[in-house]
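Residue 88 is where the sequence shown starts when you use the numbering used here, and the numbers rise one by one after that.
Glycine is no exception: its CB is placed at the ideal position from the N, C-alpha and C atoms.
Since the structure is predicted, the reported quantities are computational estimates derived from the model, not experimental observations.
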Amino acid sequence: TARADRRWQAWYALSELNAAQTNLEAAAAAAARSLELAPTESMRQRSRAQQGRLLIQAGRLPEGVALLKAVIAAAPADPLAEALQLEIARAHLERAQYERAVEEYEIYLESFTNLAGQTQALVGRAWALWHLRRYAEAAAAFDKAAAAVTEPAEKELCLFKSGEALLANGQPGLAAVVLERVLREFSATELTPQVLFQYAESLGAAKEWQRAEDQFRELVRRYPAHPLAERGLMRIAELREEQGPAHMEAALAGYAEVMNVYSNGALYAEALHRHGLVAYQLFRFQEALEDFTRVVGEFPGSRVAPQAYFMRGWCLYMMGREDEAVEVCRQFVARFPDTEWTPQVMFWLGEYAYNHGAYAEAETQWESLANAHPWHPLAEKALLWAGRAAQKRREFLRAVDLVARLAKTNPASPYMAEARFLQGDALTELGDFSRAILIFDEIISRHADSPLVSAAWGRKGDCQFTLGGEDPKRYEEAVRSYQEVLNTAGTNLEMILQAEYKIGRCWEKLGQTAAALDQYYLKVVCRYLEEGGRSGAANVAAGVWFTKAAFTMADILEAQKRWREAIRVLERVVEAGVPAARDAQERTDRIRREHWILY
Numbered sequence: 088t089a090r091a092d093r094r095w096q097a098w099y100a101l102s103e104l105n106a107a108q109t110n111l112e113a114a115a116a117a118a119a120r121s122l123e124l125a126p127t128e129s130m131r132q133r134s135r136a137q138q139g140r141l142l143i144q145a146g147r148l149p150e151g152v153a154l155l156k157a158v159i160a161a162a163p164a165d166p167l168a169e170a171l172q173l174e175i176a177r178a179h180l181e182r183a184q185y186e187r188a189v190e191e192y193e194i195y196l197e198s199f200t201n202l203a204g205q206t207q208a209l210v211g212r213a214w215a216l217w218h219l220r221r222y223a224e225a226a227a228a229f230d231k232a233a234a235a236v237t238e239p240a241e242k243e244l245c246l247f248k249s250g251e252a253l254l255a256n257g258q259p260g261l262a263a264v265v266l267e268r269v270l271r272e273f274s275a276t277e278l279t280p281q282v283l284f285q286y287a288e289s290l291g292a293a294k295e296w297q298r299a300e301d302q303f304r305e306l307v308r309r310y311p312a313h314p315l316a317e318r319g320l321m322r323i324a325e326l327r328e329e330q331g332p333a334h335m336e337a338a339l340a341g342y343a344e345v346m347n348v349y350s351n352g353a354l355y356a357e358a359l360h361r362h363g364l365v366a367y368q369l370f371r372f373q374e375a376l377e378d379f380t381r382v383v384g385e386f387p388g389s390r391v392a393p394q395a396y397f398m399r400g401w402c403l404y405m406m407g408r409e410d411e412a413v414e415v416c417r418q419f420v421a422r423f424p425d426t427e428w429t430p431q432v433m434f435w436l437g438e439y440a441y442n443h444g445a446y447a448e449a450e451t452q453w454e455s456l457a458n459a460h461p462w463h464p465l466a467e468k469a470l471l472w473a474g475r476a477a478q479k480r481r482e483f484l485r486a487v488d489l490v491a492r493l494a495k496t497n498p499a500s501p502y503m504a505e506a507r508f509l510q511g512d513a514l515t516e517l518g519d520f521s522r523a524i525l526i527f528d529e530i531i532s533r534h535a536d537s538p539l540v541s542a543a544w545g546r547k548g549d550c551q552f553t554l555g556g557e558d559p560k561r562y563e564e565a566v567r568s569y570q571e572v573l574n575t576a577g578t579n580l581e582m583i584l585q586a587e588y589k590i591g592r593c594w595e596k597l598g599q600t601a602a603a604l605d606q607y608y609l610k611v612v613c614r615y616l617e618e619g620g621r622s623g624a625a626n627v628a629a630g631v632w633f634t635k636a637a638f639t640m641a642d643i644l645e646a647q648k649r650w651r652e653a654i655r656v657l658e659r660v661v662e663a664g665v666p667a668a669r670d671a672q673e674r675t676d677r678i679r680r681e682h683w684i685l686y
């Protein structure tokens with residue numbers, strides 16, 4: 088009846104009024120009353136839809152959507168169903184549920200043909216894809232939406248977003264084409280400064296450097312007071328930096344221009360800081376120091392102030408003012424303990440202390456870094472170097488504990504082979520040769536591609552050699568380990584000669600003196616003289632093992648009273664010109680004096 092219709096309409100209108108005034112409790116009560124009074128199924132559907140909307144408005148999205156979906160399913164051909172499907176999609180978009188928003192907009196596009204609704208769905212779907220960073224799809228979606236919308240401002244925005252999406256997708260050339268079209272078709276709109284900026288960005292990303300700079304300058308010329316104008320001038324300097332060392336002077340001039348043109352601009356501190364960074368790269372450390380000092384003094388609360396603070400220290404270091412540099416960096420760490428640069432500065436402080444023999448301080452710096460910034464890429468390296476610093480202090484148990492932390496926190500660390508090697512070395516210093524052997528075996532088996540494998544075989548052999556004093560079979564094991572050094576690809580001459588020499592020592596310990604002499608002479612002395620001379624690989628380290636082998640041979644030959652042979656071996660040392668040549672000559676002279684009758 089007409090009276091029943093009016094009663095329903097009154098309660099329904101009251102619900103809408105309360106909803107508009109965000110009085111959701113009263114709106115829900117009115118909607119429920121309208122549902123009770125609805126004389127027709129169509130009116131009941133509208134009341135249920137109102138209840139669904141109110142649930143969504145109250146933050147109960149799943150319940151509200153379920154109710155709206157039920158209304159749609161009950162009468163899919165009703166115009167209300169079409170409107171509700173758009174509302175569902177829009178509700179998900181507005182609440183940042185972008186995956187679901189895409190799905191709901193696609194349901195609309197597949198289910199309904201209303202042109203205005205299709206246009207809204209195309210635009211909404213494009214925005215959802217943009218927020219999902221599915222830029223290739225977003226670019227195509229915005230392009231399709233641009234073809235559907237009728238309002239010029241909406242069309243411009245859709246085309247602009249299509250270009251932006253192409254740029255974000257790594258397609259700057261295509262982005263530039265689209266954005267150039269926007270500039271051509273829509274002149275001097277509210278959006279034009281943004282379009283100009285992104286057009287220039289696209290050209291820059293495509294490495295069309297001059298065209299990009301021209302467009303940024305066009306932005307500055309046409310809209311000098313727009314916030315993007317200052318940023319555009321800044322981008323000119325940054326693009327010059329991107330072009331490499333040959334353009335650094337031009338970049339320096341670019342940052343100076345930003346400061347001159349926008350002396351009170353929002354980017355002044357950043358331009359001053361970047362000017363300092365470029366001056367630093369140009370080795371103009373005094374100029375860079377002055378820039379960084381100004382940033383710290385005049386813009387202490389700026390985003391770039393922390394980096395400028397410690398860059399002063401690096402400028403001072405490069406100028407030879409090391410004590411001041413270290414003090415500045417220490418102050419930086421104390422003042423800015425949690426910046427992205429703090430771990431880097433802490434690591435540098437550790438390096439500086441280590442290189443100057445202050446191993447305790449180095450260890451403290453590196454361990455502090457690992458404790459304060461455990462997830463930073465430098466944390467694992469810091470633990471390794473803290474262990475090395477402890478080892479330098481002959482705190483071998485401490486070194487073992489520090490690198491053991493690395494194994495616990497990340498067994499797959501790229502520093503694991505180095506950490507294990509350091510651990511093995513420390514255990515040998517502690518006399519725990521059996522445990523050290525296990526560590527070196529782990530390096531050999533688990534880190535087969537590590538350049539430390541050859542050294543691990545060698546150190547394993549050293550441990551076995553030491554244990555040979557209690558069990559002579561260990562000398563035979565040591566020989567096998569040293570032979571593995573020789574079989575490992577990439578082993579350098581110094582390590583080869585070291586392994587060959589130590590094999591000779593094993594033969595000596597096993598009482599095989601003749602084999603030891605052959606080993607020293609053929610595998611070490613001759614190889615050093617022949618291979619080292621031919622390849623140019625001879626060096627001081629390799630020469631040490633050559634000298635050891637020659638002098639050990641001389642000891643054996645003298646003990647066997649084979650004076651002439653001892654002299655011949657020592658003469659090879661003199662002829663080689665190694666650091667021990669003088670000692671070899673003096674020893675030769677002594678033998679000749681003592682056994683002159685032979686000469």
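* Asked: Is the region 574-588 in contact with the region 598-615, if contact means three or more CB pairs nearer than 8 Å?
  -> yes
* To do: Between the Cα of Arg459 and those of Gln431, Ala162, Leu364 and Arg475, spot the shortest distance and give me the residue it belongs to.
  => If you number the sequence shown from 1, residue 459 lands on position 372. Looking at the sequence provided, one finds Ala at residue 459 rather than Arg. The shortest C-alpha separation from Ala459 is found at Gln431.
* Exposure of Thr237, with buried meaning 16 or more beta-carbon neighbours within 10 Å -> Locating residue 237 in the sequence shown gives position 150, counting from the first residue. It is exposed - the Cβ of Thr237 has fewer than 16 other Cβ atoms within 10 Å.
* Asked: DSSP state of Tyr310, grouped into three classes?
  -> On the sequence shown, position 223 is the one that residue 310 refers to. Coil, per DSSP.
* Would you tell me roughly how many angstroms separate the C-alpha atoms of Arg546 and Tyr396, rounded to the nearest one? => As a first step, residue 546 is located in the sequence shown; it is residue number 459 there, counting from the start. As a first step, residue 396 is located in the sequence shown; it is residue number 309 there, counting from the start. Taking the straight line joining both Cα atoms gives about 45 Å.
* Curious, which full-length alpha helix (DSSP H) runs of at least 4 residues does the region 487-548 contain? -> If one requires a minimum length of 4 residues, the alpha helix (DSSP H) runs lying completely within the region 487-548 are 503-516 and 520-533, in chain order.
* In or out: Trp683 buried (at least 16 other Cβ within 10 Å) or exposed? -> Residue 683 sits at position 596 when you count from the first residue of the sequence shown. The residue is exposed, with fewer than 16 neighbouring Cβ atoms inside 10 Å.
* With 16 other CB atoms within 10 Å as the buried threshold, where does Asp378 fall? -> Residue 378 sits at position 291 when you count from the first residue of the sequence shown. The residue in question, Asp378, is buried, as its Cβ has 16 or more Cβ neighbours within 10 Å.
* For Ala667, does the count of other Cβ atoms within 10 angstroms reach 16, so buried, or fall short, so exposed? -> As a working mapping, residue 667 is identified with position 580 in the sequence shown. Classification of Ala667: buried, given that the 10 Å Cβ count is 16 or more.
* Check whether the region 408-416 touches the region 380-391, counting contact only when three or more Cβ pairs, one atom from each stretch, lie closer than 8 Å. => no
* Which same chain residues, not among the five before or five after Ala603, have their C-beta less than 6 Å away from its C-beta? -> What you label residue 603 is simply residue 516 of the sequence shown in a count that begins at 1. Cβ within range, chain order: Gly591, Trp594 and Glu595.
* **Pairwise C-alpha distance: Ala486 and Glu328** => By 1-based counting over the sequence shown, the position of residue 328 is 241. By 1-based counting over the sequence shown, the position of residue 486 is 399. Whole-angstrom Cα-Cα distance: 44 Å.
* To do: Find out if the Cβ-Cβ distance for the pair Val152, Ala136 is shorter than 7 Å.
  => Start at 1 with the first residue of the sequence shown, and residue 152 comes out as number 65. Start at 1 with the first residue of the sequence shown, and residue 136 comes out as number 49. Contact flag unset, no.
* Given a threshold of 16 other Cβ atoms within 10 Å of its Cβ, counted over all protein chains shown, does Ser568 qualify as buried or as exposed? -> Locating residue 568 in the sequence shown gives position 481, where the first residue counts as 1. With 16 or more Cβ atoms within 10 Å of its Cβ, Ser568 is classed as buried.
* Give the DSSP-derived three-state secondary structure of Glu272 in the structure shown. => Counting from 1 along the sequence shown, the entry for residue 272 is found at position 185. Here DSSP, grouped into helix, strand and coil, assigns Glu272 to helix.
* **DSSP-derived helix/strand/coil call for Lys248** => The residue given as residue 248 occupies position 161 in the sequence shown. Note: Lys248 maps to helix in three-state DSSP.
* Asked: So does the region 530-537 actually touch the region 552-567, counting three or more Cβ pairs closer than 8 Å?
  -> no
* To do: Take the Cβ of Arg422 as the centre, count every other Cβ of all protein chains shown within 10 Å, and call the residue buried at 16 or more, exposed below.
  => For the purposes of this step, residue 422 is taken as residue 335 along the sequence shown, with counting starting at 1. By the 10 Å Cβ count, Arg422 comes out exposed.
* Within 7 Å (strictly less), CB to CB, does Ile524 reach chain B? -> Looking for chain B here will not work: only one protein chain is present.
* Boundaries of the alpha helix (DSSP H) in which Asn442 is found, first to last residue -> The residue given as residue 442 occupies position 355 in the sequence shown. Segment Thr429 to Asn442, the alpha helix (DSSP H) holding Asn442.
* Asked: Taking Val348 as the reference, which of Arg318, Gly400 and Cys402 has the closest Cα?
  -> Residue mapping note: residue 348 aligns to position 261 of the sequence shown, counting from 1. Nearest of Arg318, Gly400 and Cys402 to Val348, Cα basis: Arg318.
* **Other residues of its chain near Met582: CB distance less than 8 Å, five sequence neighbours each side excluded** => In the sequence shown, residue 582 corresponds to position 495, counting from 1. Ser541, Ala542, Gly545 and Val572.
* Where do the ends of the alpha helix (DSSP H) carrying His218 lie? -> Within the sequence shown, residue 218 is the residue found at index 131, counting from 1. It spans Leu202 to His218 - the alpha helix (DSSP H) in which His218 sits, taken as one unbroken run.
* **Range of the contiguous alpha helix (DSSP H) that encloses Tyr222** => Residue mapping note: residue 222 aligns to position 135 of the sequence shown, counting from 1. Looking at the DSSP string, the run of the alpha helix (DSSP H) that includes Tyr222 is Tyr222 to Ala235.
* To do: Classify Gln647 as buried or exposed, calling it buried when 16 or more other Cβ atoms lie within 10 Å of its own Cβ.
  => Translated into positions along the sequence shown, residue 647 becomes position 560. Flag for Gln647 reads exposed.
* Asked: For Pro504, which residues of its own chain have a beta-carbon under 6 Å away from its beta-carbon, when the five flanking residues on both sides are left out?
  -> In the sequence shown, counting from the first residue as 1, residue 504 sits at position 417. For the sequence presented, residue 504 should be read as Ala rather than Pro. Here the set comprises Ile530, His534, Ser537 and Leu539.
* Asked: Tell me which same chain residues have a C-beta within less than 6 Å of the C-beta of Glu448, skipping the five on either side of it?
  -> By one-based count along the sequence shown, residue 448 stands at place 361. Once the five neighbours on either side are set aside, the close Cβ partners of Glu448 are Ala440.
* Asked: Between which two residues does the alpha helix (DSSP H) harbouring His360 extend?
  -> Locating residue 360 in the sequence shown gives position 273, counting from the first residue. Tyr355 to Gln368 is the extent of the alpha helix (DSSP H) around His360.
* Asked: At what residues does the alpha helix (DSSP H) containing Gly291 begin and finish?
  -> One-based indexing of the sequence shown puts residue 291 at position 204. Run containing Gly291: Thr279 to Ala292, per the alpha helix (DSSP H) assignment.
* Using a threshold of 7 Å, state whether the C-beta atoms of Tyr342 and Arg361 are closer than that. => Within the sequence shown, residue 342 is the residue found at index 255, counting from 1. Within the sequence shown, residue 361 is the residue found at index 274, counting from 1. Arg361 sits close to Tyr342, with the two beta carbons spaced by under 7 Å.
* To do: Could you check if Pro259 is buried or exposed, using at least 16 other CB atoms within 10 Å of its CB as the buried criterion?
  => Locating residue 259 in the sequence shown gives position 172, counting from the first residue. That one is buried.
* Asked: For the candidate residues Gln606, Thr600 and Ala663, whose alpha-carbon lies nearest to that of Val631?
  -> Position 544 of the sequence shown, counted from the first residue, corresponds to residue 631. With distances taken between Cα atoms, Val631 lies closest to Ala663.
* Taking Trp650 as the reference, give the member of Asp676, Ala636, Ala628 and Val660 with the closest Cα. => As a first step, residue 650 is located in the sequence shown; it is residue number 563 there, counting from the start. The alpha carbon of Trp650 has as its nearest neighbour, out of Asp676, Ala636, Ala628 and Val660, the alpha carbon of Asp676.
* To do: For Thr578, count neighbouring Cβ atoms within 10 angstroms of its own Cβ and tell me buried if that reaches 16, exposed if not.
  => Residue 578 sits at position 491 when you count from the first residue of the sequence shown. With 16 or more Cβ atoms within 10 Å of its Cβ, Thr578 is classed as buried.
* Taking buried to mean at least 16 other C-beta atoms within 10 Å of its own C-beta, is Gly331 buried or exposed? -> As a position in the sequence shown, residue 331 is number 244, starting the count at 1. Burial state of Gly331 is exposed, judged by a 10 Å Cβ sphere holding fewer than 16 other Cβ atoms.
* Asked: What is the rounded straight-line gap between the Cα of Gly250 and the Cα of Arg271?
  -> As a working mapping, residue 250 is identified with position 163 in the sequence shown. As a working mapping, residue 271 is identified with position 184 in the sequence shown. Gly250 and Arg271: Cα-Cα distance of roughly 14 Å.
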